[in-house]
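Protein chains in written order, with the working numbering: chain L, 33 to 327; chain R, 33 to 327. We treat Cβ as the ideally placed atom computed from N, Cα and C, and that holds for glycine. It should be emphasised that the depicted structure is a prediction, and the values quoted were computed from it without experimental measurement.
2 protein chains.
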Amino acid sequence: MNFENRLKEHIERVESVIQGSFDGESPAHGIIRESMMYSLNAGGKRLRPALLLEVNKLYGGDEEAAVQFALALEMIHTYSLIHDDLPCMDDDDLRRGKPTNHIMFGYDIAVLAGDGLLNLAAEVMLDTVIKNNYLPNFIDAMREILKASGPSGMILGQVADIKYETESMNRETLDFINKNKTGKLIVAALTAGGLLANAPVEDVALLGKIGEDMGLMFQMVDDVLDLTGDPEKLGKRTQMDVKNDKRTYPMLIGIDEVKIQIKAYENRLMDYLDRLSVDTEFLKELVHFLALRDY
Amino acid sequence: MNFENRLKEHIERVESVIQGSFDGESPAHGIIRESMMYSLNAGGKRLRPALLLEVNKLYGGDEEAAVQFALALEMIHTYSLIHDDLPCMDDDDLRRGKPTNHIMFGYDIAVLAGDGLLNLAAEVMLDTVIKNNYLPNFIDAMREILKASGPSGMILGQVADIKYETESMNRETLDFINKNKTGKLIVAALTAGGLLANAPVEDVALLGKIGEDMGLMFQMVDDVLDLTGDPEKLGKRTQMDVKNDKRTYPMLIGIDEVKIQIKAYENRLMDYLDRLSVDTEFLKELVHFLALRDY
Chain L
33 MNFENRLKEH IERVESVIQG SFDGESPAHG IIRESMMYSL NAGGKRLRPA
83 LLLEVNKLYG GDEEAAVQFA LALEMIHTYS LIHDDLPCMD DDDLRRGKPT
133 NHIMFGYDIA VLAGDGLLNL AAEVMLDTVI KNNYLPNFID AMREILKASG
183 PSGMILGQVA DIKYETESMN RETLDFINKN KTGKLIVAAL TAGGLLANAP
233 VEDVALLGKI GEDMGLMFQM VDDVLDLTGD PEKLGKRTQM DVKNDKRTYP
283 MLIGIDEVKI QIKAYENRLM DYLDRLSVDT EFLKELVHFL ALRDY
Chain R
33 MNFENRLKEH IERVESVIQG SFDGESPAHG IIRESMMYSL NAGGKRLRPA
83 LLLEVNKLYG GDEEAAVQFA LALEMIHTYS LIHDDLPCMD DDDLRRGKPT
133 NHIMFGYDIA VLAGDGLLNL AAEVMLDTVI KNNYLPNFID AMREILKASG
183 PSGMILGQVA DIKYETESMN RETLDFINKN KTGKLIVAAL TAGGLLANAP
233 VEDVALLGKI GEDMGLMFQM VDDVLDLTGD PEKLGKRTQM DVKNDKRTYP
283 MLIGIDEVKI QIKAYENRLM DYLDRLSVDT EFLKELVHFL ALRDY
């Protein structure tokens, strides 16, 4: 198995089902579809779907069903980016090298495209549950994802990110924000992948821990890239955290210390992965790749 | 059975479960909870939950489970109002006699409170499914509601409402907007109520037709009230359709003709209700009440 090929395979698999995920005939269908698809098709790392597909594959799950859950995860991630980019939030006009959704389609349609993607994600998962004879473990996987994205998960992290007081920011608060805003959906990608494939309960629990560490490591790399990365490669403006007066890991503990902690997370993740009952070569390479990524 | 008492009973039942529907300990939980609960507790007619609870009761369904679906419906309705009221949409500052969510909590939190309520609605339904041993008919009921609220239902109607060309508005387009924006969730309230209680398939189909007519009739009354209603009683500003240059039924066909058509819908609804296999006295009185309502 070659790492790049397998990652590419996962990404192509989920991208192949995006097109068929929403159809309709009216002109209104046209506009909302175009707006949702614009952001879904805008590229990105497809990290969450790749994690879900990989774990599902490792434990021998049905790929056709899993790819629908992977698609739903990417819809939820995409909706969160559309709403995060709105003028009333981060007010970003560039995402993945392209104009953000509200720049392309207007503020009102961007709000509705986000709403639509969240709703459609739940529809896609539920349709897959029904198509597979109401399998309880599929329903449990859906629950993992919905709990992760909701007001006690990703949305909670976003609220905490908006409302913290700059002066009183500390490590605990920053971890809380990132665990929820970024981490929960990464955790859900891994645990839902395990649940879909009926992985052993100990493995699902361990996958949850792996997701937590991976989420924080991922965010640390993101913070470093915002400071030192190449805007062209990243497809977005850099130095935005400084500009928006956001407190990030490098600002709290210094960029050298962040790099040390990224390495520590990477090492711990390798240990965790060794304890899973399946062959985690790809996941190990993925962790290494994420720790060193420059885009 | 007394109509007012039974309606009050349904409303009190759903309102009794709102408080327990979202808990959390962090300060961020505090803000997002407060914002979601503010709009959920702002009153309203509770029409959709009342319809679901009534139909579920008529066919002998489990009330404890049904009230969770009724709550989810009201969460979805409430989220749609929060987002509709945003400055980038209808820009309303008053709803049910109170400041709208974004006036109270800010634009960013209002977007997230809407997102949170939609997500939480799906969580509440899925938790009820799991609590009831993954009952397939509960999953089917959940699907009715999610299809109704999504980009081929309520969101589609909202997009059509935003994007129509004022000059070329006609009856067909206006019906399309209202069938989706208002009608689909009313249809889902009735059909989901039937599915939860394992109602006969013919009855569920008929409940769908009843919901369609009820939705259009409801919207016609709404349009009339916007023109001639009492702002104090309605808890919102009137004449907004004229102010926003919106084309409504009275503008297209005249207010007298609208009143004739409301009566025609009412009559047809009575016929449909007679064809259900259960005692529809309450639903008949509800239709009559909706046709004549002045708030």
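Quick one: Cα of residue i to Cα of residue j, how far?
i: Asp125 (chain L); j: Glu66 (chain R); result: 30 Å
i: Leu167 (chain L); j: Glu234 (chain L); result: 21 Å
i: His115 (chain L); j: Phe314 (chain R); result: 42 Å
i: Lys275 (chain L); j: Lys195 (chain L); result: 17 Å
i: Gly286 (chain R); j: Arg80 (chain R); result: 28 Å
i: Ala192 (chain R); j: Arg128 (chain R); result: 25 Å
i: Lys89 (chain R); j: Ala231 (chain R); result: 10 Å
i: Asn202 (chain L); j: Leu284 (chain L); result: 7 Å
i: Met249 (chain R); j: Glu298 (chain R); result: 8 Å
i: Phe170 (chain R); j: Leu228 (chain R); result: 5 Å
i: Gly247 (chain L); j: Glu317 (chain L); result: 16 Å
i: Glu273 (chain L); j: Thr198 (chain R); result: A small fix is needed here, since residue 273 (chain L) is Asp in this sequence, not Glu. Cα-Cα distance, rounded: 43 Å.
i: Gly75 (chain L); j: Ala82 (chain L); result: 13 Å
i: Asp122 (chain R); j: Asn133 (chain L); result: 20 Å
i: Lys163 (chain L); j: Val290 (chain R); result: 43 Å
i: Ala296 (chain L); j: Tyr281 (chain L); result: 15 Å
i: Asp306 (chain L); j: Ile292 (chain L); result: 22 Å
i: Met107 (chain L); j: Leu149 (chain L); result: 5 Å
i: Arg45 (chain R); j: Ala154 (chain L); result: 27 Å
i: Ala98 (chain R); j: Asp254 (chain R); result: 28 Å
i: Met136 (chain L); j: Leu144 (chain L); result: 13 Å
i: Ile43 (chain R); j: Ala220 (chain L); result: 36 Å
i: Thr223 (chain R); j: Glu47 (chain R); result: 21 Å
i: Gly261 (chain R); j: Leu322 (chain R); result: 14 Å
i: His61 (chain L); j: Leu152 (chain L); result: 13 Å
Identify the continuous alpha helix (DSSP H) that holds residue i and give its terminal residues.
i: Phe54 (chain L); result: Run containing Phe54 (chain L): none; DSSP gives neither H nor E here.
i: Ala221 (chain R); result: Lys216 to Leu228
i: Glu86 (chain L); result: Leu79 to Leu90
i: Ala192 (chain L); result: Met186 to Lys195
i: Asp254 (chain R); result: Val233 to Thr260
i: Thr205 (chain R); result: Arg203 to Asn210
i: Asn151 (chain L); result: Tyr139 to Lys163
i: Lys275 (chain L); result: Met272 to Lys275
i: Ala180 (chain L); result: Pro168 to Ser181
i: Pro282 (chain L); result: Tyr281 to Ile285
i: Val99 (chain R); result: Glu95 to Asp116
i: Arg65 (chain L); result: Pro59 to Leu72
i: Glu313 (chain R); result: Glu313 to Leu324
With which residues is residue i paired in a DSSP beta bridge?
i: Arg128 (chain L); result: Per DSSP, none; premise fails for Arg128 (chain L).
If we cut at 8 Å on Cβ distances, does residue i have a partner in chain L?
i: Phe321 (chain R); result: no
i: Val191 (chain R); result: yes
i: Phe314 (chain R); result: no
i: Asp140 (chain R); result: yes
i: Val143 (chain R); result: yes
i: Asp147 (chain R); result: yes
i: Asn37 (chain R); result: no
Taking only beta-carbon atoms, is residue i less than 8 Å away from chain R?
i: Met283 (chain L); result: no
i: Lys40 (chain L); result: no
i: Asn73 (chain L); result: no
i: Asn151 (chain L); result: yes
What residues in the segment 153-175 of chain L have a beta carbon less than 7 Å from any beta carbon of chain R?
The residues in question are Ala154, Glu155, Leu158, Val161, Ile162, Tyr166, Pro168, Ile171, Met174 and Arg175.
Can you list, in chain order, the residues of the segment 48-68 of chain L whose Cβ is nearer than 9 Å to any Cβ on chain R?
Near chain R, meaning a CB-to-CB distance below 9 Å, the residues of the segment 48-68 of chain L are Phe54, Asp55, Gly56, Ser58, Pro59, Ala60, His61, Ile63, Ile64, Arg65, Ser67 and Met68.
When you check each C-beta in the segment 178-208 of chain L against every C-beta of chain R, which residues fall closer than 9 Å?
If the cut-off is 9 Å between Cβ atoms, the segment 178-208 of chain L has Leu178, Lys179, Ser181, Gly182, Pro183, Ser184, Gly185, Met186, Ile187, Leu188, Gly189, Gln190, Val191, Ala192, Asp193, Ile194, Lys195, Tyr196 and Phe208 near chain R.
Cβ-based contacts, 7 Å cut-off: residues of the segment 114-129 of chain L near chain R
Flagged, chain order: His115, Leu118, Cys120 and Met121.
Using a Cβ cut-off of 8 Å, which residues of the segment 221-251 of chain R contact any Cβ in chain L, in chain order?
Residues passing the 8 Å Cβ filter: none.
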